[in-house]
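One structure is given below, encoded as structure tokens.
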């Protein structure tokens with residue numbers, strides 16, 4: 079295959095914006111997007127609430143500076159302030175560019191882009207398309223990429239980077255339609271594969287495919303992971319499935335109610351109430367349940383999210399997808415009844431360590447979006463900043479790769495590299511002696527993470543989680559793929575995804591044990607306070623000789639000094 083200038087792994091918002099911007103930067107480039115699913119089904123489509131930008135349409139006194147401060151404060155001061163400056167400064171341009179290429183933003187009465195309040199924000203600045211914002215943005219970007227001639231390789235599963243010396247020569251992937259392992263030689267590779275929160279199994283808002291593939295591939299290639307221990311639990315997942323009820327439901331005025339009929343957030347965030355930052359609201363809900371003020375049911379304990387007072391017209395016009403989802407998955411009509419919710423594993427603040435231009439430590443390899451850690455979210459991401467992150471840094475990574483592709487020689491992937499990937503897959507098909515079943519290991523991984531590396535963490539639980547993961551990794555060596563077919567072998571795909579999740583789960587649990595403090599979404603009940611003297615720093619995890627090697631990196635400060643984070 080002729081070498082590509084850029085291979086982008088992932089067809090969600092970050093990958094598509096990177097492809098669109100790269101083509102705009104240099105239309106002569108040969109650009110390929112590899113996606114595990116069809117791009118218009120990527121997980122970006124599940125982003126309901128919106129994207130933050132200081133347009134000052136709703137609140138006339140809003141400003142980029144206020145957005146910057148809210149993001150840094152929300153991160154519990156672990157975000158790099160220069161990166162946050164880029165995120166928030168670029169936000170208005172991004173929203174207007176999306177408008178110009180056809181994104182159907184909801185409108186206010188004066189026909190300007192509608193904005194609503196989101197948690198942790200000092201002003202209502204979240205721009206939205208009803209409760210289907212990610213879906214509409216994704217469709218718009220996909221159309222533009224097709225229009226500009228980007229090549230798509232849909233239903234390909236990324237396996238490995240081909241690495242020679244200090245740089246990548248391209249990507250090795252499996253064509254899921256044929257089972258064939260194929261080489262994608264490239265001058266540059268951009269990872270835009272999303273997050274890894276599905277490793278938490280049924281208490282996760284993530285799609286089944288959010289298994290950290292890009293992070294795991296980069297990690298095994300020797301690229302450091304940053305802040306992997308910091309996982310966000312969204313406050314409002316549906317009781318039974320963990321599917322997400324957008325923060326926009328609270329932004330529109332929804333209440334959180336315990337079994338005593340109290341709006342209990344008054345105890346935890348007197349001013350912000352339900353619109354406190356996500357880490358605080360999630361801990362508050364879990365505390366209410368643990369202290370006996372939650373509702374009980376065969377499907378588990380839960381809290382009520384009450385939208386009834388908003389009225390049928392508002393729910394139908396601004397939260398139509400939420401109504402449809404709660405009807406289908408809980409049998410509840412939010413116009414008539416409160417929604418049963420509980421926190422759900424949602425977002426990975428950590429990921430592939432990059433600079434502000436999406437570059438990693440490996441020449442020719444970039445990353446953007448949730449799979450990357452710039453870091454703009456620090457220890458806690460604000461609602462409305464995730465879509466913004468994938469758009470801003472997807473655009474930047476695409477532009478950087480397009481400008482820098484020319485300085486790298488065309489990639490070439492050896493037959494030996496291809497053969498190693500093929501042999502690894504064949505070994506999965508024919509383990510010798512005793513074998514393990516995928517389903518058992520997958521469920522056990524989800525359970526140990528939920529029990530031992532969840533919202534509230536503590537030394538003995540984390541040690542148990544690390545031990546469980548180590549045992550699962552050892553047992554994984556004997557996992558058998560029962561499906562021997564080549565065409566859409568989903569059993570093989572699940573096993574490969576499990577390998578990725580096990581590698582990343584180890585970095586999450588080990589990092590959580592090491593970080594002996596509570597900061598943002600990382601809550602240690604045995605170290606309940608933030609320790610700026612010892613832990614105001616990023617953690618790094620690099621795979622060296624088969625072992626996770628810990629490291630650290632300073633937080634980039636700016637005009638905002640450390641201070642207490644209160645709401």
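Residue numbers (my numbering): 79 to 645. A virtual CB, placed ideally from N, CA and C, is assigned to each residue, including glycine.
7 Å Cβ shell around residue i - same chain, five flanking residues per side excluded
i           : result
residue 442 : 245, 246, 265, 266, 267, 486
residue 638 : 147, 150, 159
residue 601 : 361, 533, 534, 535
residue 325 : 127, 196, 197, 461
residue 193 : 133, 135, 136, 202, 203, 204, 205
Nonlocal neighbours in the same chain, by C-beta distance under 8 Å from residue i, ignoring five residues either side
i           : result
residue 541 : 591
residue 514 : 553, 554, 556, 557, 558
residue 366 : 336, 342, 372, 381
residue 258 : 252, 564
residue 292 : 87, 88, 236, 269, 270, 271, 272, 430, 445, 449
residue 530 : 539, 540, 542, 543, 546, 587
Beta-bridge partners of residue i, as assigned by DSSP
i           : result
residue 600 : 597
residue 232 : 113
residue 453 : None; residue 453 has no bridge partner.
residue 631 : 616
residue 380 : 373
residue 322 : 315
Range covered by the beta strand (DSSP E) that runs through residue i
i           : result
residue 266 : 259-269
residue 246 : 245-253
residue 436 : No beta strand (DSSP E) contains residue 436, which DSSP labels as neither H nor E.
residue 387 : No beta strand (DSSP E) holds residue 387; DSSP gives it neither H nor E.
residue 85  : 82-87
residue 417 : 417-426
residue 335 : 333-335
residue 445 : 443-445
Assigned exposure category for residue i - 16 Cβ within 10 Å defines buried
i           : result
residue 437 : buried
residue 505 : exposed
residue 420 : buried
residue 78  : Only positions 79 to 645 of the chain appear in this structure, which leaves residue 78 out of reach.
residue 641 : exposed
residue 95  : buried
residue 283 : buried
residue 463 : buried
residue 179 : exposed
residue 203 : buried
residue 596 : buried
residue 290 : buried
residue 422 : buried
residue 518 : exposed
Extent of the continuous alpha helix (DSSP H) to which residue i belongs
i           : result
residue 170 : 159-178
residue 554 : 537-554
residue 577 : 568-592
residue 312 : Counting along the chain, residue 312 falls outside any alpha helix (DSSP H), though it belongs to the beta strand (DSSP E) covering 309-316.
residue 524 : 516-530
residue 505 : 493-507
residue 136 : Here residue 136 belongs to no alpha helix (DSSP H), and DSSP marks it neither H nor E.
residue 185 : It is not in any alpha helix (DSSP H) - residue 185 carries neither H nor E in the DSSP assignment.
residue 94  : 91-103
residue 119 : Looking at the DSSP string, residue 119 is not in any alpha helix (DSSP H), and its letter there is neither H nor E.
Residue i in three-state terms, based on DSSP
i           : result
residue 238 : strand
residue 473 : helix
residue 278 : helix
residue 142 : helix
residue 196 : coil
residue 480 : helix
residue 398 : helix
residue 349 : coil
residue 207 : coil
residue 485 : helix
residue 366 : helix
residue 130 : strand
residue 306 : coil
residue 560 : coil
residue 151 : helix
residue 295 : helix
residue 621 : strand
residue 301 : coil
Beta-carbon contacts of residue i that lie in its chain and below 6 Å, excluding the five residues immediately before and after
i           : result
residue 616 : 304, 305, 631
residue 546 : 526
residue 401 : 393, 412
residue 108 : 82, 83
residue 230 : 111
residue 570 : 559
residue 167 : 142
Below-8 Å beta-carbon distance, residue i vs any chain B residue
i           : result
residue 465 : Checking the listed chains, one finds no chain B in this structure; it contains a single protein chain.
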